[in-house]
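Right, one structure below, let's go through it.
Protein chains in written order, with our numbering: chain A, 149 to 577; chain B, 149 to 577.
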């Protein structure tokens, strides 16, 4: 008998009909002989509606109270789901994050999980009941206040519970069939990726693939929790996110080396590019720039510095950052112009990042060359390049992202013979 | 510095505008130098909307899950109210029933308060913050599950907290100016009652006055908590519900005996009358009837048995009960007909109860006679009569309730010179 943690997002429990459908799926898993623990998000637009109410009473609500407010969303969906399961004849009990033992720090709105003590969840399992746990929420260790985990919170709750319960798998249900080799809306021939390593999935998430949050994959990797991303609208196998060894062992499909080394192409249109022009080429200039930006709590993604032109003694430094932080970053740097002595700043938010992700990329020469060739062949100009062990990213013009993704996808033979990807949405399928 | 517990019902926090208005009232109380603890109900129709959702997923939801669902309502209103107060520059913290230390038994949907351990509330007060507590909810002592207190629950939460904190007063805010000598919709000249004893208020509540629930008044009486019922739409004094001695001491208005002995006229249209016709006049017949009804969990209100007619050896027994339970009661009694040997059953839900309430009624002869005279003078036929130390109730035809109430109100000089009563409703005044 396996322990299975299943996480259902807001679109899977958007209304009473969806909740009843999810209940049937949970009951089927239980009847197949597994111990099921469910993690659930708030219904559909609940969180936005609650935020709207908060805005009406206060322009800047205290974090503690905002967390208290928002956590009512999962309270509603989890109680309804437990009722729907009870109506199918099985016992089910809902638990808040606090009741489930999700202990966090006190950072309201973006709390970190410190510990998980799932005593009540384990008792419910032992008594044959199906526990339904509120995702996205916990209780602070110090003040016993209700907290929320921030972006990707419900997925993280599911993985953390799976780790604490030493579950066999953490199933993340969504409205697509898994992780694809590219966004199916851009590349209709994109294929579902059957297996991917934690590291590659982390690169995919960091490169703009929205299906799993980076934080949840990091947590799963640290505790070795196998994740199965799949659709709540079909019974197809989705994407397994696993450690490299675990993959070979658990799936028994033979040698890892036979896998294609390229997992997929991700893209991200949410970033902007800033170029600091004419930075004096002396020690400590780059450090001063990025320290100032870090002090302003701005996360920098890619950084490129060209070799200094000997004739001028000056260099250009370009970096990308979330476009939301663009204004703050420009203000911060403008204040430093006199002190640092650079010539000017250039800002461009009409950019996009295209990334090729694949394990063992470095050990296969020619991957970079083929990637750049493909992009050039599509008539797309590359503005910046950055690489890691298992990723190559380029920055291109925003309106050329689609062409670059499609060209790279084709160049690495990722296209399937037919259109496989189905984005289900709320059609009830 | 006094400790004041203020309870705001759903109509007082129905939307963002109302919540901001209530926040101003709370802040004004705090700035006047009092320590304020607030108890709040769910916003407007939230509870009905949640019940509707529950009905959509399950025809008979488990009590534990229904409580989990419904308690999200206060979670929303209390967080928003705390935000609105913070926006006015004061610190405020919201607490669930569980966090506030409201410990109950495990009777989901109708839990009884076993203990109140308001350690976190006291700490918040000591630190100068305004605690906002969710009404209507608690946590079960045995299983640590979330419970709800059932009808009148939020008022009871407020009184229980006031008792545990030895508050100086528990203010119950509503949409009328207090307790009136009769329902102002029936008797436009009804007056606000400035002071009333717990016992009279309990009789008023049991006789159909909806402004305070019987249970909350019982709790206040047991722990000697003064209740001040008043409107959240005005600053007028409302009605003080107090112990008889406390009244004279605290208000210093002189001798209790100078008060008019009649407090008011209450009415109730929610009951039905059942007559068991031709009950054999022998020992144990009445006991058998009412034991059967008690076993069916039916609450009986008035019971009247006429003297047996010597010639037949049979008697009639009439009683009133909530009309909702009428069908169950008739079924229960029909099954007993052969065993008990009565002739037939008569059912009438077109009845109403009119009650005259006043301390010391028994020691003032002639009150009953004047009450019956007044009703007869209005052309209303009396079907049943029952009395207590401080109450006389009659059952009349439902369509004659208004006339009977008005006539009694007039006969005991309860009319004011002018129309005083204002029912505020949601007009924002």
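Cβ coordinates follow ideal geometry from the N, Cα and C atoms, glycine included.
Checklist line | Neighbourhood of residue 393 of chain A by C-beta, 7 angstroms cutoff - its chain only, sequence neighbours within 5 removed | finding: By one-based count along the first chain, residue 393 of chain A stands at place 245. At residue 393 of chain A, the pLDDT of 42 sits below 50, so the modelled position is not reliable and the matter cannot be decided from this model.
Next item on the list: List the endpoints of the continuous beta strand (DSSP E) containing residue 466 of chain B.
Entry: Stepping through the second chain from its first residue, residue 466 of chain B is reached at position 318. From DSSP, the beta strand (DSSP E) with residue 466 of chain B extends over 462-470.
Checklist line | Where the alpha helix (DSSP H) through residue 548 of chain A begins and ends | finding: Numbered from its first residue, the first chain carries residue 548 of chain A at position 400. Per DSSP, residue 548 of chain A belongs to no alpha helix (DSSP H) and is neither H nor E.
Next item on the list: Rounded to whole angstroms, what's the CA-CA distance from residue 305 of chain B to residue 468 of chain A? Just pull it up for me.
Entry: Within the second chain, the letter at position 157 stands for residue 305 of chain B. Within the first chain, the letter at position 320 stands for residue 468 of chain A. C-alpha separation (whole angstroms): 55 angstroms.
Next item on the list: Return the residues of the segment 159-180 of chain A that lie within a Cβ-Cβ distance of less than 9 angstroms from chain B, sorted by chain order.
Entry: 163, 164, 165, 167, 168, 171
Check: In chain order, which continuous runs of the alpha helix (DSSP H) of length 4 or greater are located wholly inside the segment 206-264 of chain B?
Finding: 211-218, 220-235
Notebook entry, point to check: Beta-carbon of residue 248 of chain A versus every beta-carbon of chain B: anything under 8 angstroms?
Noted result: Residue 248 of chain A sits at position 100 when you count from the first residue of the first chain. Judged by the 8 angstroms Cβ criterion, residue 248 of chain A is not in contact with chain B.
Check: residue 224 of chain B versus chain C: which residues are under 8 angstroms apart at the beta carbon?
Finding: The chain inventory of the structure shown lacks chain C, comprising the protein chains A and B.
Notebook entry, point to check: If you drop the 5 nearest sequence neighbours on each side, which residues of the same chain put their C-beta closer than 6 angstroms to that of residue 159 of chain B?
Noted result: Taking the first residue of the second chain as 1, we reach residue 159 of chain B at position 11. 323, listed in sequence order.
Margin query: Residues in the same chain with beta-carbon distance under 8 angstroms from residue 425 of chain A, minus the five sequence neighbours each way, listed in chain order, please.
Written below: Start at 1 with the first residue of the first chain, and residue 425 of chain A comes out as number 277. Once the five neighbours on either side are set aside, the close Cβ partners of residue 425 of chain A are 464, 490, 491, 492, 493, 494.
Check: Cα separation between residue 260 of chain A and residue 363 of chain B?
Finding: The count along the first chain starts at 1 and reaches residue 260 of chain A at position 112. The count along the second chain starts at 1 and reaches residue 363 of chain B at position 215. Those two C-alpha atoms are separated by around 43 angstroms.
Item checked: Helix, strand or coil at residue 347 of chain A [DSSP, three-state] -> For the purposes of this step, residue 347 of chain A is identified with residue 199 of the first chain, where counting begins at 1. Three-state result, residue 347 of chain A: helix.
Margin query: Considering Cα atoms alone, identify which of B:211, B:196, B:269 is closest to residue 256 of chain B.
Written below: Within the second chain, the letter at position 108 stands for residue 256 of chain B. The option with the nearest alpha carbon to residue 256 of chain B is B:211.
Check: Helix, strand or coil for residue 500 of chain A per DSSP?
Finding: Taking the first chain and counting its residues from 1, the one referred to as residue 500 of chain A is at position 352. DSSP places residue 500 of chain A in strand when its eight states are reduced to three.
Checklist line | chain B contacts made by the segment 263-278 of chain A, where a contact means CB separation under 7 angstroms | finding: none
Notebook entry, point to check: Would residue 332 of chain B count as contacting chain A if we go by Cβ distances under 8 angstroms?
Noted result: By one-based count along the second chain, residue 332 of chain B stands at place 184. False, the Cβ-Cβ gap to chain A never drops below 8 angstroms.
Next item on the list: Using 10 angstroms around the beta-carbon of residue 176 of chain A, count the other beta-carbons present and answer buried if the total reaches 16, otherwise exposed.
Entry: Reading the first chain from its first residue, position 28 is the one you call residue 176 of chain A. Label assigned to residue 176 of chain A: exposed.
Margin query: List, in chain order, every chain A residue whose beta-carbon is nearer than 7 angstroms to that of residue 454 of chain B.
Written below: Position 306 of the second chain, counting from 1, holds the residue named residue 454 of chain B. Result: empty, since nearest Cβ-Cβ is about 49 angstroms, beyond 7 angstroms.
Notebook entry, point to check: With 16 as the cutoff for other CB atoms within 10 Å, does residue 343 of chain B come out buried or exposed?
Noted result: For the purposes of this step, residue 343 of chain B is taken as the residue at position 195 of the second chain. Buried, since its Cβ has 16 or more Cβ neighbours within 10 Å.
Notebook entry, point to check: residue 279 of chain A bridges to which residues according to DSSP?
Noted result: Here residue 279 of chain A is taken as the residue at index 131 of the first chain, counted from 1. DSSP output for residue 279 of chain A lists A:241 as bridge partner(s).
Check: Any C-beta of chain B sitting closer than 8 angstroms to the C-beta of residue 289 of chain A?
Finding: Against the first chain, residue 289 of chain A aligns to sequence position 141. Not one chain B Cβ lies under 8 angstroms of residue 289 of chain A.
Notebook entry, point to check: Taking Cβ to Cβ, would you say residue 281 of chain A is nearer than 8 angstroms to residue 185 of chain A?
Noted result: Taking the first chain and counting its residues from 1, one reaches residue 281 of chain A at position 133. Taking the first chain and counting its residues from 1, one reaches residue 185 of chain A at position 37. A contact, by the Cβ cut-off of 8 angstroms.
Margin query: Assuming residue 442 of chain B is part of the alpha helix (DSSP H), what are its boundary residues?
Written below: As a first step, residue 442 of chain B is located in the second chain; it is residue number 294 there, counting from the start. Element bounds for residue 442 of chain B: 433-443.
Note to self: Any beta carbon of chain B sitting closer than 8 angstroms to that of residue 206 of chain A?
What the structure shows: Taking the first chain and counting its residues from 1, one reaches residue 206 of chain A at position 58. It does; some Cβ of chain B falls within 8 angstroms.
Margin query: Looking at residue 386 of chain B: is its Cβ nearer than 8 angstroms to the Cβ of residue 379 of chain B?
Written below: By 1-based counting over the second chain, the position of residue 386 of chain B is 238. By 1-based counting over the second chain, the position of residue 379 of chain B is 231. The answer is yes: Cβ separation under 8 angstroms.
Notebook entry, point to check: If you count every other CB in all the chains shown that lies within 10 Å of the CB of residue 213 of chain A, and 16 or more means buried, which is it?
Noted result: Within the first chain, numbered from 1, the residue matching residue 213 of chain A stands at position 65. Label assigned to residue 213 of chain A: buried.
Next item on the list: Under 7 angstroms between beta-carbons, which chain B residues line up against residue 362 of chain A? List them in chain order, please.
Entry: Position 214 of the first chain holds residue 362 of chain A. Near residue 362 of chain A there are no residues of chain B at all, since even the closest Cβ is about 29 angstroms away, more than 7 angstroms.
Notebook entry, point to check: Taking only beta-carbon atoms, is residue 238 of chain B less than 8 angstroms away from chain A?
Noted result: On the second chain, residue 238 of chain B is found 90 positions in, with the first residue counted as 1. With 8 angstroms as the cut-off, residue 238 of chain B does not count as an interface residue toward chain A.
Next item on the list: Check each candidate in B:535, B:536, B:529 and name the one with the smallest Cα separation from residue 555 of chain B.
Entry: Residue numbering aside, residue 555 of chain B sits at position 407 when the second chain is read from its first letter. Residue 555 of chain B has its Cα closest to that of B:529, out of B:535, B:536, B:529.
Notebook entry, point to check: What residue from B:497, B:527, B:540, B:502 has the CA that sits closest to residue 514 of chain B's CA?
Noted result: Within the second chain, numbered from 1, the residue matching residue 514 of chain B stands at position 366. Nearest of B:497, B:527, B:540, B:502 to residue 514 of chain B, Cα basis: B:540.
Notebook entry, point to check: With distances taken between CB atoms, is the gap from residue 309 of chain A to residue 187 of chain A smaller than 8 angstroms?
Noted result: Residue numbering aside, residue 309 of chain A sits at position 161 when the first chain is read from its first letter. Residue numbering aside, residue 187 of chain A sits at position 39 when the first chain is read from its first letter. In contact: residue 309 of chain A and residue 187 of chain A (Cβ atoms closer than 8 angstroms).
Checklist line | Cβ pair count under 8 angstroms reaching 3, the segment 343-354 of chain B against the segment 427-440 of chain B | finding: no
Item checked: Beta-ladder partner(s) of residue 428 of chain B, from DSSP -> Here residue 428 of chain B corresponds to residue number 280 of the second chain, with the count starting at 1. Paired residues: B:462.
Note to self: Between residue 190 of chain A and chain B, is any beta-carbon pair separated by less than 8 angstroms?
What the structure shows: In the first chain, counting from the first residue as 1, residue 190 of chain A sits at position 42. No, residue 190 of chain A does not count as interfacial toward chain B.
Note to self: Looking at chain B, is there any beta carbon in it that lies within less than 8 angstroms of the beta carbon of residue 118 of chain A?
What the structure shows: Because chain A in this structure spans residues 149 to 577, residue 118 of chain A falls outside the shown range and cannot be described.
Next item on the list: Might you give, ordered along the chain, the residues of its own chain that have their beta carbon closer than 7 angstroms to the beta carbon of residue 475 of chain A, omitting 5 neighbours on each side?
Entry: Residue mapping note: residue 475 of chain A aligns to position 327 of the first chain, counting from 1. None.
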